[in-house]
Amino acid sequence: MQALILAGGSGTRFWPLSRRQRPKQLLALEGDRSLLQQTFDRLQPQVPATSVWVCTTRLLADQVRQQLPEVPAEQVLEEPEGRNTAAAIGWAVRSMPRAARNGVVAVLPADHRVSDAEGFRQRLQQAEEAVESQDLVMTLGIEPQRPETGYGYLELGEVLDQQSGLRKVVRFREKPDLETARRFVDSGRFLWNGGIFLFRGSTFLSLLAAHLPKLVEGLEEIAAEPNRLAEIYSRLPATSIDFGLMEKLEDIATLPLDCGWSDLGSWQALAEVLTADSQGNICRGDVFSEQASDNLLVADSGTIAIVGLEGLVVVRTGDTVLVAPKERSQEVREIVSQLRAAGRNELL
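Going by our numbering, the letters in the sequence shown line up with residues 9 to 356, in that order.
Structure, rendered in C-alpha cells:
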C-alpha cells in the first residue's frame, strides 16, 4: 500500500501560532512531534517510509523533508499552487510509478489527531484488504461522539460485511445545523467524514477521467511534459475530492473508525484533547496564572500571566497576542481575513 499525506494547508484557525511558513501540520501541538510527523508515525510499520508520499507546497517542501527525512526526497511533491484536493490527489497518484498506482493508495490529511494509533492501523489494514479483494473505493468514517455542525457526514446503507462492519455509503451529507446533527447521531446511521480515502490508484484515475475529464487531461499533459508543470497545473479545475468525485459515486464503502480522532479544527478542539491542571488550565510555555480556570494558555515566545480569567484562549508569539473566548476560537480565521485585507503579510 502507498500512503499519500496531504500537507499543503495553511491552518488559519491556529493563528497566530500557525503561519503561512509554519502552518498547523508542521507544529507540535501535543508532545514533541508535529502533526505531520505523527501522521507518518502512525502508519509505521504498516506502510514503510519508501511507500509514503507527501503532497505539499513549494513554500513548505523543505520543512516537510526536514521533518520526514525517512521519506525519499522525490516523494515529497511540490504543488506549484493550490488547486484544491481533487487536483492534489490526482496529480500525486499520477506521479507514482505505474506499479505503485496499480496497487492500493491511502489518502490522509496531515493535520489530524489520532490517540489510538494501533486501532487506526488495524482499521487501515481491513480497509486495504477490502480494496484489494473487491476493488472498492473506500472512506474511513469517524464514529460521531456528539452532534457536530463543523463536519460533513456519511449516510450509511447496507452492511457489506458483518464481521468487519463494512457498510455502503448512501451519500455524503453537507455540514448540518445542530438539530439535523442531533438527528443524524441519534439515528446511528451516520459517520463523520474524516477525509481519509482508500482505492486502487488506477481505479481512482479511471473514475476521475469519467467525472473530471479536464483534470485528467491536464494530468496527462503534465506527465508528458513535466517541465511545464506550473503552467499546466494553474489550469487544472479547482474542486474538492468530495464534491468533484466522491459524492458522484454510487459504490463507495466505509468502515467505522473509533480511535480518538479529532481534526483539531480550532484552539477549543485542541483544549479538549490536552491534559489540564487542577484548575482546568492547559499551559504550554512560560505561563503563570492566579485564580484563573478553564483557560488554554500557549506562550511560544515570552511569558503569559493572567489573573481572575476563565474560559479563554491566550496565545503569545514573538509579534502577536491572541485573546478569545474558547467557544469563539473558530472565529480566529476572520482575524486572518482582516489581516490579509489590510496587507499585513508580516503577520500571516
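Using N, Cα and C, we set each Cβ at its ideal position, and we do this for glycine too.
#### Entry: beta strand (DSSP E) runs wholly inside the segment 40-100, at least 3 long, in chain order
60-65 and 84-87
Cα-Cα separation, Thr64 to Val295
34 Å
Go ahead and label Gln75 buried or exposed: buried means 16 or more other beta carbons lie within 10 angstroms of its beta carbon, across all protein chains shown.
buried
Q: Output the distance between the C-alpha atoms of Val331 and Ala138, rounded to the nearest integer angstrom.
A: 47 Å
message = For the pair the segment 243-263 and the segment 285-292, tell me if three or more CB-CB distances fall below 8 Å.
response = With the cut-off at 8 Å, the segment 243-263 and the segment 285-292 do not touch.
- Which residue comes first and which comes last in the alpha helix (DSSP H) that contains Gln276? That run of the alpha helix (DSSP H) goes Trp275 to Val281.
* Does the Cβ-Cβ distance between Ser337 and Val321 come in under 8 Å? -> yes
Fill in: Residue closest to Gln83, alpha-carbon to alpha-carbon, out of Glu89, Ala100 and Asn92
Relative to the Cα of Gln83, the nearest Cα in the group Glu89, Ala100 and Asn92 belongs to Ala100.
Next on the checklist: Counting C-beta neighbours from all protein chains within 10 Å, is the total for Arg102 16 or more, i.e. buried, or is it exposed?
Outcome noted: buried
Can you check DSSP and say which residues form a bridge with Arg208? Val112
Using only alpha-carbon positions, find the residue among Pro88, Leu12 and Gln54 that is nearest to Asn235. Pro88
Need the endpoints of the alpha helix (DSSP H) that Glu342 sits in, please.
Residue range Val340 to Ala349 is occupied by the alpha helix (DSSP H) that includes Glu342.
Does the contact criterion of 3 or more C-beta pairs under 8 Å hold for the segment 203-212 versus the segment 109-125? yes
Range of the contiguous alpha helix (DSSP H) that encloses Ala261
In the DSSP assignment, Ala261 falls outside any alpha helix (DSSP H) and lies within the beta strand (DSSP E) extending over Ile260 to Leu265.
| query | Of the choices Gly127, Phe192 and Gly165, whose alpha-carbon is the least far from that of Leu156? | reply | It is Glu, not Leu, that sits at residue 156 in the sequence shown. When only C-alpha atoms are compared, the closest one is Phe192.
Item checked: For Ser286 and Arg131, the rounded distance between their alpha carbons -> 36 Å
- Query: Sorted by chain position, which residues of the same chain lie with C-beta nearer than 6 Å to Ile312's C-beta, five sequence neighbours on each side aside?
  - Reply: Val295, Leu305, Val322 and Arg324
(message) Using 8 Å as the threshold, is the C-beta distance between Leu227 and Ala94 below it?
(response) no
Tell me, to the nearest whole angstrom, how far the beta carbon of Val145 is from that of Gly165; I am working on the premise that it is less than 8 Å. Contact doesn't hold; Cβ gap of about 14 Å is too wide.
**Asked** Which same chain residues, not among the five before or five after Arg175, have their C-beta less than 8 Å away from its C-beta?
**Response** Leu164, Gly165, Glu166, Val167, Leu168, Ala261, Thr262, Leu263 and Pro264
message = Quick check on DSSP: helix, strand or coil for Lys176?
response = strand
Host beta strand (DSSP E) of Tyr159 (start-end): Taken as a continuous stretch (DSSP letters only), Tyr159 belongs to no beta strand (DSSP E), as it is neither H nor E.
Quick one: give me the first and last residue of the alpha helix (DSSP H) that Phe192 is part of. Per DSSP, Phe192 is one residue of the alpha helix (DSSP H) stretching across Leu186 to Ser195.
(request) Can you say whether Leu51 is buried or exposed, counting buried as having 16 or more other CB atoms within 10 angstroms of its CB? (result) buried
Q) According to the Cβ coordinates, are Ile13 and Val62 closer than 8 Å? A) In this structure, Val62 lies closer than 8 Å to Ile13 by Cβ.
**Item:** Gly202 - DSSP class collapsed to helix/strand/coil
**Value:** strand
Self-check item: Counted within 10 angstroms of its Cβ, other Cβ atoms place Ala81 as buried (16 or more) or exposed
Solution: Exposed: under 16 other Cβ atoms inside 10 Å.
Worksheet entry | Straight-line gap, Gln71 to Ala349 (C-alpha atoms, nearest Å) | 27 Å
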